Amino acid sequence: MISDLLLWNKIGRIIVLLGERLNVSSERALGIFYESDTCERLHDPDTGLYLMGDLYIVNDIIRELQDKMG
Numbered sequence: 012m013i014s015d016l017l018l019w020n021k022i023g024r025i026i027v028l029l030g031e032r033l034n035v036s037s038e039r040a041l042g043i044f045y046e047s048d049t050c051e052r053l054h055d056p057d058t059g060l061y062l063m064g065d066l067y068i069v070n071d072i073i074r075e076l077q078d079k080m081g
């Protein structure tokens with residue numbers, strides 16, 4: 012299981028990468044992240060998503076956004 016501090020650091024890196032990939036502000040990237048199903052899965056240690064790389068998770072969020080848009 013991942014410690015809270017490590018998870019917070021990982022989330023910070025994910026938000027920065029997400030903002031860069033989507034060309035949005037950090038605040039907007041934060042909102043996108045916390046509204047995603049991926050965020051919920053990342054916080055659930057049973058999924059093991061926290062073991063995946065930051066870019067993998069960012070791509071997962073982007074895929075999720077694309078699916079929602081149609």
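Taken in order, the sequence shown gives residues 12 to 81; the numbers are from the numbering used here. The beta-carbon is built from N, C-alpha and C at its ideal position, and this holds for glycine as well. This one's a predicted model, so the numbers in the text were calculated from it and none came from an experiment.
Where residue i falls, given that 16 or more other Cβ within 10 Å makes a residue buried
{"i": "Gly30", "result": "buried"}
{"i": "Thr49", "result": "buried"}
{"i": "Ser82", "result": "Nothing about residue 82 can be read from this structure; the chain reaches only from 12 to 81."}
Nearest to residue i (by Cα), restricted to the options the options
{"i": "Asp71", "options": "Phe44, Asp57 and Pro56", "result": "Phe44"}
{"i": "Leu66", "options": "Asp78, Ile22, Ser36 and Leu41", "result": "Ile22"}
{"i": "Ile26", "options": "Leu53, Glu51 and Val69", "result": "Val69"}
DSSP state of residue i mapped onto helix, strand, coil
{"i": "Asp55", "result": "coil"}
{"i": "Ile26", "result": "helix"}
{"i": "Asn20", "result": "helix"}
Alpha carbon of residue i to alpha carbon of residue j, nearest angstrom
{"i": "Asp55", "j": "Asp15", "result": "12 Å"}
{"i": "Leu18", "j": "Tyr61", "result": "8 Å"}
{"i": "Asn34", "j": "Asp57", "result": "32 Å"}
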